[in-house]
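Chemist: Before we start, here is the structure in question, set down as structure tokens.
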Amino acid sequence: MLFSVFYDIISANGYIICKGLIFLPEIIRKGEVGMWTAITAGTISIIWLILLAVLLVIEIITLGLTTIWFAGGALVAFLVSIAGGPLWLQILLFLAVSVVLLIFTRPLAVKYMNRNVNKTNVDSLPGEKAVVTKTIDNLRGTGQAVVNGLEWSAKSRDETIIDEGAIVRIVAVEGVKLVVEEEK
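Read in my numbering, the sequence shown has 102 at position 101, and its numbers run on one by one without any break.
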């Protein structure tokens, strides 16, 4: 796949022009006597195929939907490459297909893959209502609330004192404490 090209290539302002060839900049030296090494379009197809395989292997190892989108882009670029499309089109399609797959199909795939994940007790608490059983005072470090029959330590989100018996909404859980705000 690697071959040499002689000096009969058109040169314009130091740029080497040769349809269908991609020159490695580190190999080409202006004014060098002899031959230049170039990569054929077939080699580019192999590079896309290798990239596709590497991305698929990474996806299989990680199982995290991280590289599958780029593997789709590499597949399209590979197909365009073997069809004889120019390199700029291959790169453009690789990027475009990867971004489109990432933006439009990733949320659906993540939702589909995580549909059997059940929230734990703690994950389901934000948004729930609780009853204050001991006055919540962040400065004194006191406060308790009951939610779903369980008593939790509690603190106010906005540093206000919340009296015993008040209805509060759980904003978050920090460690073993509920972060609450008074229901209005």
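From the three backbone atoms N, C-alpha and C, an ideal C-beta is built for every residue, glycine too. Keep in mind the model is a prediction, meaning the values are calculated, not measured.
Could you spell out the range, first to last residue, of the alpha helix (DSSP H) harbouring residue 131?
Modeler: Here residue 131 corresponds to residue number 130 of the sequence shown, with the count starting at 1. Residue 131 -> not in any alpha helix (DSSP H); beta strand (DSSP E) instead, spanning 130-138.
Chemist: Restricting to Cα atoms, I'd like to know which of 183, 98, 49, 103 is closest to residue 159.
Modeler: Within the sequence shown, numbered from 1, the residue matching residue 159 stands at position 158. Measuring from the Cα of residue 159, the nearest candidate turns out to be 183.
Chemist: Secondary structure at residue 148, three-state DSSP: helix, strand or coil?
Modeler: Along the sequence shown, one-based indexing puts residue 148 at 147. Correct three-state label for residue 148: strand.
Chemist: Determine, using beta carbons only, whether residue 56 and residue 71 come nearer to each other than 8 Å.
Modeler: As a first step, residue 56 must be located in the sequence shown, where it is residue number 55. As a first step, residue 71 must be located in the sequence shown, where it is residue number 70. Cβ atoms of residue 56 and residue 71: closer than 8 Å.
Chemist: Pull up the distance between the alpha-carbon of residue 91 and that of residue 181, whole angstroms please.
Modeler: Your numbering for residue 91 matches position 90 in the sequence shown. Your numbering for residue 181 matches position 180 in the sequence shown. About 54 Å.
Chemist: Looking at C-alpha atoms only, which residue of 67, 98, 149, 150 is the closest neighbour of residue 76?
Modeler: As a first step, residue 76 is located in the sequence shown; it is residue number 75 there, counting from the start. It is 98.
Chemist: So residue 172 is in the beta strand (DSSP E); what residue range does that whole segment cover?
Modeler: In the sequence shown, counting from the first residue as 1, residue 172 sits at position 171. Note, residue 172: beta strand (DSSP E), 168-175.
Chemist: Any chance the stretch 149-168 sits against the stretch 121-138, with 3 or more Cβ pairs inside 8 Å?
Modeler: Output reads yes: the stretch 121-138 touches the stretch 149-168.
Chemist: Can you tell me which residues form a DSSP beta bridge with residue 179?
Modeler: Position 178 of the sequence shown, counting from 1, holds the residue named residue 179. According to DSSP, which records beta bridges pairwise, residue 179 is partnered with 155, 174.
Chemist: Identify which residue in 143, 101, 81, 150 has its Cα closest to the Cα of residue 156.
Modeler: Along the sequence shown, read from residue 1 onward, the residue named residue 156 stands at position 155. Measuring from the Cα of residue 156, the nearest candidate turns out to be 143.
Chemist: Around the C-beta of residue 153, are 16 or more other C-beta atoms found within 10 angstroms, so that it is buried, or is it exposed?
Modeler: Against the sequence shown, residue 153 aligns to sequence position 152. Buried, since its Cβ has 16 or more Cβ neighbours within 10 Å.
Chemist: Taking residue 100 as part of the alpha helix (DSSP H), name the residues at either end of that continuous run.
Modeler: The residue given as residue 100 occupies position 99 in the sequence shown. Element bounds for residue 100: 88-114.
Chemist: Which whole-angstrom value is the C-beta distance of residue 66 and residue 110, which I expect to be below 8 Å?
Modeler: The residue given as residue 66 occupies position 65 in the sequence shown. The residue given as residue 110 occupies position 109 in the sequence shown. Contact holds; Cβ gap of about 6 Å.
Chemist: Quick check on DSSP: helix, strand or coil for residue 163?
Modeler: Numbered from its first residue, the sequence shown carries residue 163 at position 162. The answer is strand: DSSP assigns residue 163 an E or B state.
Chemist: Write down the C-beta distance between residue 102 and residue 73 rounded to the nearest angstrom, noting that I regard them as a contact closer than 8 Å.
Modeler: The residue labelled residue 102 in the question sits at position 101 within the sequence shown. The residue labelled residue 73 in the question sits at position 72 within the sequence shown. That pair is a contact at about 5 Å.
Chemist: Give the straight-line distance between the Cα atoms of residue 60 and residue 88, rounded to the nearest whole angstrom.
Modeler: Translated into positions along the sequence shown, residue 60 becomes position 59. Translated into positions along the sequence shown, residue 88 becomes position 87. Their Cα atoms are separated by approximately 26 Å.
Chemist: Please classify residue 63: does DSSP put it in a helix, a strand, or coil?
Modeler: Within the sequence shown, residue 63 is the residue found at index 62, counting from 1. Residue 63: helix per DSSP, three-state reduction.
Chemist: Here's a check: name, in chain order, each residue in its chain whose Cβ is nearer than 7 Å to the Cβ of residue 173, leaving out the five neighbours to either side.
Modeler: Stepping through the sequence shown from its first residue, residue 173 is reached at position 172. Here the set comprises 127, 180.
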